[in-house]
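Colleague: Right, I'll just put the structure down here and ask away after.
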DNA sequence: AATTAAAACAATAATGATTACTGTTATTAT
DNA sequence: ATAATAACAGTAATCATTATTGTTTTAATT
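Protein chains in written order, with my numbering: chain A, 10 to 140; chain B, 10 to 140.
What follows is the structure, encoded as structure tokens:
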């Protein structure tokens with residue numbers, strides 16, 4: 010197996026994700042780092058996001074909007090997608106800890122995990138509404 | 010608003026989905042109906058899958074594998090994705106009914122729903138294993 | 001039953017996200 | 001320092017999906 014060498018681009022991508030909680034897409038990471046790396050390539054961003062998520066240093070979120078989002082916070086937590094503005098927020102809720110084992114006990118195969126995300130309207134988008 | 014007219018292709022697409030529980034992709038629907046409609050177009054399949062799911066007559070499942078799956082069973086139920094063979098199965102579990110309102114009560118916006126799917130190994134893929 | 005307007009079709013082009021390839025540069029071991 | 005190779009930038013290719021164009025069905029009206 011190839012030895013992984015250091016790269017400032019990869020380091021910057023990881024730092025970029027850790028420094029924010031808005032779950033950017035590959036394109037947003039690319040745009041956000043262009044000022045620091047003027048000839049950064051989108052391919053480099055994609056490759057390193059894949060490397061980092063494969064190593065478990067970041068999370069790849071597939072939220073069903075057709076675009077992958079990335080999260081520098083690898084602690085287990087829940088996500089909310091606003092149907093108004095599309096933003097992705099973290100949720101502070103517990104109560105899903107036993108869900109995997111509950112499901113597993115009702116299934117003849119082996120259930121090892123689950124993906125859950127919530128949707129609705131975020132606080133901002135709820136404000137400008139009457140209904 | 011345009012009046013929806015009858016089409017045998019759309020009817021066949023819906024029947025195809027109702028007749029199975031393996032949650033096919035657009036491409037699988039297309040291939041499955043080619044024998045009955047030799048000059049069926051993939052565009053027609055996509056358009057009608059979108060029409061049917063917009064009307065709520067079928068479900069579009071975005072399971073994170075980059076391909077949309079479709080389900081003729083619109084009753085609320087849970088899904089399981091096998092990481093061994095990729096197949097998508099229905100799960101008979103309840104206990105998630107109150108999840109949306111639980112989450113909503115902890116959130117300052119408005120949560121109206123959630124998406125949950127489970128993953129692991131299906132019964133078949135569990136068999137041929139030692140670990 | 002013929003006419004007609006619009007929906008649906010087939011075929012295919014276009015799009016957008018992601019992945020793969022090619023030649024160059026940077027990192028690390030010798 | 002030199003050499004080996006991982007990582008890079010740039011770009012081409014891929015894949016699922018959506019949009020477009022011209023033709024055919026459907027269904028309402030004469």
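In this text, a Cβ means the ideal position worked out from N, Cα and C, and glycines have one as well.
What is the residue span of the beta strand (DSSP E) that residue 119 of chain B lies within?
Modeller: Residue 119 of chain B sits at position 110 when you count from the first residue of the second chain. That run of the beta strand (DSSP E) goes 119–130.
Colleague: Check distances from the C-beta atoms of the segment 110–124 of chain B to those of chain A and list, in chain order, the residues that come in under 7 Å.
Modeller: 111, 112, 115, 116, 117, 118, 119, 120, 121, 122, 123 and 124
Colleague: Taking only the alpha-carbon atoms, compute the straight-line gap between residue 40 of chain B and residue 88 of chain B and give it to the nearest angstrom.
Modeller: By one-based count along the second chain, residue 40 of chain B stands at place 31. By one-based count along the second chain, residue 88 of chain B stands at place 79. Their Cα atoms are separated by approximately 23 Å.
Colleague: When you compare only the Cα positions, how much space is there between residue 8 of chain B and residue 116 of chain B?
Modeller: The shown model of chain B, from 10 to 140, leaves out residue 8 of chain B, and the question about it has no answer.
Colleague: So the candidates are A:135, A:136 and A:119; which of them puts its Cα closest to the Cα of residue 132 of chain B?
Modeller: The residue given as residue 132 of chain B occupies position 123 in the second chain. Of the listed residues, the one whose Cα sits closest to residue 132 of chain B is A:119.
Colleague: Just the C-alpha distance for residue 68 of chain A and residue 60 of chain A, rounded to the nearest angstrom, thanks.
Modeller: Translated into the one-based positions of the first chain, residue 68 of chain A becomes position 59. Translated into the one-based positions of the first chain, residue 60 of chain A becomes position 51. For residue 68 of chain A and residue 60 of chain A, the distance between alpha carbons rounds to 11 Å.
Colleague: Checking the sheet assignment: what are the DSSP bridge partners for residue 25 of chain B?
Modeller: In the second chain, residue 25 of chain B corresponds to position 16, counting from 1. Residue 25 of chain B is not bridged to any residue.
Colleague: Helix, strand or coil: how does DSSP classify residue 140 of chain B here?
Modeller: Translated into positions along the second chain, residue 140 of chain B becomes position 131. A caution first: residue 140 of chain B carries a pLDDT of 49, below 50, which makes its placement in the model unreliable, though a value can still be read off. Three-state DSSP puts residue 140 of chain B in coil, outside helix and strand.
Colleague: I need the boundaries of the alpha helix (DSSP H) containing residue 108 of chain A, first residue and last residue.
Modeller: Here residue 108 of chain A corresponds to residue number 99 of the first chain, with the count starting at 1. Counting along the chain, the alpha helix (DSSP H) containing residue 108 of chain A begins and ends at 108–114.
Colleague: Does the segment 73–82 of chain B come close enough to the segment 15–34 of chain B to have 3 or more Cβ pairs within less than 8 Å?
Modeller: Contact between the segment 73–82 of chain B and the segment 15–34 of chain B is present, because at least three Cβ pairs lie under 8 Å.
Colleague: Would you say residue 131 of chain A faces chain B, with C-beta separation under 7 Å as the test?
Modeller: Numbered from 1 along the first chain, position 122 holds the residue referred to as residue 131 of chain A. Cβ-Cβ to chain B under 7 Å: yes for residue 131 of chain A.
Colleague: First and last residue of the beta strand (DSSP E) that includes residue 61 of chain A?
Modeller: The residue you call residue 61 of chain A lines up with position 52 of the first chain. Residue 61 of chain A -> not in any beta strand (DSSP E); alpha helix (DSSP H) instead, spanning 51–64.
Colleague: Can you name the residues that DSSP bridges to residue 98 of chain B?
Modeller: For the purposes of this step, residue 98 of chain B is identified with residue 89 of the second chain, where counting begins at 1. Its beta-bridge partners are B:89.
Colleague: Take the Cβ of residue 140 of chain B as the centre, count every other Cβ of all protein chains shown within 10 Å, and call the residue buried at 16 or more, exposed below.
Modeller: Taking the first residue of the second chain as 1, we reach residue 140 of chain B at position 131. Residue confidence is low: residue 140 of chain B scores 49 on pLDDT, short of 50, so the model does not pin down where it sits. Its coordinate-derived value is still stated next. By the neighbour-count rule (16 or more Cβ atoms within 10 Å), residue 140 of chain B is not buried but exposed.
Colleague: Is it buried or exposed, residue 96 of chain A, if we count other Cβ atoms within 10 angstroms and call 16 or more buried?
Modeller: Position 87 of the first chain, counted from the start, is the residue given in the question as residue 96 of chain A. When all chains shown are included, residue 96 of chain A counts as exposed.
Colleague: With a threshold of 7 Å between beta carbons, is residue 102 of chain B in contact with chain A?
Modeller: As a working note, residue 102 of chain B is residue 93 in the second chain. Answer yes: the Cβ-Cβ gap between residue 102 of chain B and chain A drops below 7 Å somewhere.
Colleague: Going by CA-CA distance only, name the one from A:29, A:45, A:70 and A:28 that's closest to residue 18 of chain A.
Modeller: Translated into the one-based positions of the first chain, residue 18 of chain A becomes position 9. If we check each option's Cα against that of residue 18 of chain A, A:45 comes out closest.
Colleague: Could you tell me whether any Cβ in chain B is nearer than 7 Å to the Cβ of residue 127 of chain A?
Modeller: As a working note, residue 127 of chain A is residue 118 in the first chain. Closer than 7 Å: yes.
Colleague: Taking residue 56 of chain A as the query, report the chain B residues whose CB atoms sit under 7 Å from its CB, ordered along the chain.
Modeller: Here residue 56 of chain A refers to the residue found at position 47 of the first chain. Chain B residues near residue 56 of chain A: none, gap ~17 Å exceeds 7 Å.
Colleague: In the DSSP assignment, find the unbroken alpha helix (DSSP H) run with residue 42 of chain A in it and report its ends.
Modeller: Translated into the one-based positions of the first chain, residue 42 of chain A becomes position 33. Its alpha helix (DSSP H) spans residues 35–42.
Colleague: Taking 7 Å as the CB-CB limit, is residue 135 of chain B close to chain A?
Modeller: On the second chain, residue 135 of chain B is found 126 positions in, with the first residue counted as 1. So, interface residue.
Colleague: Could you pull out every residue in the same chain whose Cβ sits closer than 8 Å to the Cβ of residue 94 of chain A, ignoring the five residues on either side in sequence?
Modeller: Translated into positions along the first chain, residue 94 of chain A becomes position 85. Cβ within range, chain order: 131, 133 and 134.
Colleague: Note down the Cα distance separating residue 28 of chain A from residue 124 of chain A, rounded to an integer number of angstroms.
Modeller: Stepping through the first chain from its first residue, residue 28 of chain A is reached at position 19. Stepping through the first chain from its first residue, residue 124 of chain A is reached at position 115. Using only the alpha carbons, I get a separation of about 24 Å.
Colleague: Pull up the distance between the alpha-carbon of residue 63 of chain A and that of residue 13 of chain B, whole angstroms please.
Modeller: In the first chain, counting from the first residue as 1, residue 63 of chain A sits at position 54. In the second chain, counting from the first residue as 1, residue 13 of chain B sits at position 4. Taking the straight line from one Cα to the other gives about 46 Å.
Colleague: For residue 16 of chain A and residue 21 of chain B, I'd like the C-alpha separation in whole angstroms.
Modeller: Translated into the one-based positions of the first chain, residue 16 of chain A becomes position 7. Translated into the one-based positions of the second chain, residue 21 of chain B becomes position 12. Rounded to whole angstroms, residue 16 of chain A to residue 21 of chain B spans 54 Å at the Cα level.
Colleague: Could you work out which residues of chain A lie near residue 71 of chain B, taking near to mean beta carbons separated by less than 9 Å?
Modeller: Sequence index remark: in the second chain, residue 71 of chain B carries index 62 (1-based). Going along chain A in sequence order, the residues near residue 71 of chain B (Cβ under 9 Å) are 71, 72, 73, 74 and 75.
Colleague: Using the Cα positions of residue 24 of chain B and residue 53 of chain A, report the straight-line distance between them to the nearest angstrom.
Modeller: Along the second chain, read from residue 1 onward, the residue named residue 24 of chain B stands at position 15. Along the first chain, read from residue 1 onward, the residue named residue 53 of chain A stands at position 44. Cα-Cα distance, rounded: 45 Å.
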